[in-house]
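What follows is one structure encoded as structure tokens, with my remarks underneath.
Numbering (our numbering), first residue to last: 1 to 405.
Set out below in structure tokens:
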């Protein structure tokens, strides 16, 4: 849980921590495009990290692989805190962020590729759904933490001081959290018996892409593509919309995201536990079917009012009817692959599906120009819900009551 919290803090730092001052830190221009480009660089690095570190984790062990990945996260996040601002480097500041976030994304992809299967392998079967919900809930909790820290710094120091130097504080905190987790893993975490008993495959990456477990991978890919489309619309796109809205002061955007993500953290935890009772496949099918209607309605509520209270309510509702579906993902993906290829299957299935959704700064604007800004986002939300349903129906109901083997 703590490892995924650290991972998610570092993933979302640029989107939320830079939201109030991105034009001053990264340079004048399209704020949404700049922040989106930095976020995309992270997400594109993650599939590469999953492919590299997943195979290492399957052959050499989850724990040692996690240590390497966390060390990389700490180093790249600390480096970002030291990047000179736009007034010093000009356009090079943005590209330094992009390069460091791409490199950091490789390590981020490696961290959850090794650490979450490790957690699932240690869990008792009857607790796996609840643990999955708790692990995945670290993502919105990390979002809320960054938003709270950003909001506090802006309110206490003022926007000018935050733009000058205090934006570096959240990145320094992220680096220190990663360093603390590295120490924890070195002192007290070992590989689970399921991995120790498993056959060592010479090329687990090939086995999941074109080999014995390819059907599981591509089924998971469809399901996760739907979830990642939900994420892009409900987190970075929503943040950009709020930042550009004339109804809100930019400094209030972290507050809105703070409340929304705290609500979704609770519902994500509940979703993991619910899937233990209903079954993972049944949960995803029902959730996706409901989201076809509820997600566009929640997005409409967010943009329909100039009242801060209504905007907060709409943002929270959008989070609940989209990213809540991640609750069972940790358990579900671990159950879809055996121990000898589990990290590779988990990491590639989780991360490769990021690529198309992560490119939203390129394909969403033309879609918005053709259909209208709000209609396009709502259409993407409907497509995401349908992909979740189709992906779930394409696979079996995993045995949630048996130990992972």
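Where a beta carbon is used, it is the ideal one built from N, C-alpha and C, also for glycine.
Nothing here was measured: the structure is a model prediction, and the numbers come from that model.
Am I right that residue 96 and residue 103 are in contact with their C-beta atoms under 8 Å? What's the rounded C-beta distance? The C-beta distance from residue 96 to residue 103 rounds to 11 Å, too long to fall under 8 Å, and the pair is not in contact.
Would you please state the rounded distance, in angstroms, between the beta carbons of residue 5 and residue 141? I believe it to be under 8 Å. With a beta-carbon spacing of about 6 Å, residue 5 and residue 141 fall inside the 8 Å limit used to define contacts.
So is residue 242 buried or exposed if we call it buried at 16+ other beta carbons inside 10 Å? Classification of residue 242: buried, given that the 10 Å Cβ count is 16 or more.
Out of 185, 257, 160, state which residue places its alpha-carbon closest to the alpha-carbon of residue 314. Ranking 185, 257, 160 by Cα distance to residue 314 puts 257 first.
Terminal residues of the continuous alpha helix (DSSP H) containing residue 23? Boundaries of the alpha helix (DSSP H) around residue 23: 22 to 25.
For residue 370, count neighbouring C-beta atoms within 10 Å of its own C-beta (all shown protein chains included) and say buried if the count is 16 or more, exposed if not. Residue burial is scored here from C-beta neighbours: residue 370 has fewer than 16 other C-beta atoms within 10 angstroms and is therefore classed as exposed.
Straight-line CA distance for residue 55 to residue 117? Cα to Cα, the separation comes out at about 13 Å.
Classify residue 152 as buried or exposed, calling it buried when 16 or more other Cβ atoms lie within 10 Å of its own Cβ. Counting of Cβ neighbours within 10 angstroms places residue 152 among the exposed residues, the total staying below 16.
Take residue 393 and list the residues in its own chain whose beta-carbon comes closer than 8 Å to its own, dropping the five residues that flank it on each side. Once the five neighbours on either side are set aside, the close Cβ partners of residue 393 are 281, 285.
CA-CA distance, residue 155 and residue 297? Distance between the alpha carbons of residue 155 and residue 297: 32 Å.
What first and last residue would you give for the alpha helix (DSSP H) that runs through residue 198? From DSSP, residue 198 is part of no alpha helix (DSSP H); its letter is neither H nor E.
Got a sec, what are the start and stop residues for the alpha helix (DSSP H) residue 350 sits in? Residues 342 to 352.
Enumerate in chain order the residues of its own chain whose CB-to-CB distance from residue 305 is below 7 Å, with the five nearest sequence positions on each side excluded. If we look at residue 305 and ignore the five residues flanking it on each side, its Cβ neighbours are 311.
Roughly how many angstroms separate the alpha carbons of residue 275 and residue 129, rounded to a whole number? Rounded to whole angstroms, residue 275 to residue 129 spans 6 Å at the Cα level.
Mapping DSSP to helix, strand and coil, what is residue 210? Residue state, collapsed to three classes: coil.
Residues near residue 395 in its chain [Cβ-Cβ closer than 6 Å; skip 5 each side]: In its chain, beyond the 5 residues on either side, 219 have a beta carbon closer than 6 Å to the beta carbon of residue 395.
Assuming residue 401 is part of the alpha helix (DSSP H), what are its boundary residues? Per DSSP, residue 401 belongs to no alpha helix (DSSP H) and is neither H nor E.
Which ranges does the beta strand (DSSP E) cover as unbroken runs of at least 3 residues, wholly within the stretch 47 to 125, from first to last along the chain? Note on the stretch 47 to 125: there is no whole beta strand (DSSP E) run with a minimum of 3 residues.
Buried or exposed: residue 231, going by 16 or more other Cβ atoms within 10 Å of its Cβ? Buried: at least 16 other Cβ atoms inside 10 Å.
So within the stretch 278 to 341, which uninterrupted alpha helix (DSSP H) runs reach at least 4 residues, ignoring any that extend past its ends? Complete alpha helix (DSSP H) runs here, min 4: 280 to 303, 308 to 320, 329 to 336.
For a quick check, are the C-beta atoms of residue 137 and residue 268 less than 7 Å apart? Yes, these two residues count as a Cβ contact at 7 Å.
Closest Cα partner of residue 340 within the set 195, 368, 240, 271: Out of 195, 368, 240, 271, 195 has the C-alpha closest to the C-alpha of residue 340.
Report buried or exposed for residue 170, applying the criterion of at least 16 other Cβ atoms within 10 angstroms of its Cβ. So residue 170 ends up on the buried side.
Kindly give me the distance between the Cβ atoms of residue 290 and residue 318, rounded to whole angstroms, as I take these residues to be in contact under 8 Å. Going by Cβ atoms, the distance from residue 290 to residue 318 rounds to 13 Å, so no, they are not a contact pair.
Residue 228 burial status per 10 Å Cβ neighbour count (16 or more: buried): Buried, since its Cβ has 16 or more Cβ neighbours within 10 Å.
Here's a check: name, in chain order, each residue in its chain whose Cβ is nearer than 7 Å to the Cβ of residue 2, leaving out the five neighbours to either side. Excluding residues within five positions, the ones whose Cβ falls inside 7 Å are 181.
Span of the alpha helix (DSSP H) holding residue 162? Boundaries cannot be given for residue 162, as no alpha helix (DSSP H) includes it and DSSP labels it neither H nor E.
Classify residue 188 as buried or exposed, calling it buried when 16 or more other Cβ atoms lie within 10 Å of its own Cβ. Around the C-beta of residue 188, fewer than 16 other C-beta atoms lie within 10 Å, and the residue is accordingly described as exposed.
Run of the alpha helix (DSSP H) containing residue 366, from where it starts to where it stops: Segment 360 to 371, the alpha helix (DSSP H) holding residue 366.
Residues in the same chain with beta-carbon distance under 7 Å from residue 57, minus the five sequence neighbours each way, listed in chain order, please. The beta carbon of residue 57 lies closer than 7 Å to those of 65, 113, 114, 343 in the same chain, with the five residues before and after it left out.
Reference residue 404, options 192, 39, 145, closest by Cα: Looking at the Cα atoms, 192 is the closest of the given residues.
First and last residue of the uninterrupted alpha helix (DSSP H) at residue 244: Residue 244 -> alpha helix (DSSP H) spans 238 to 244.
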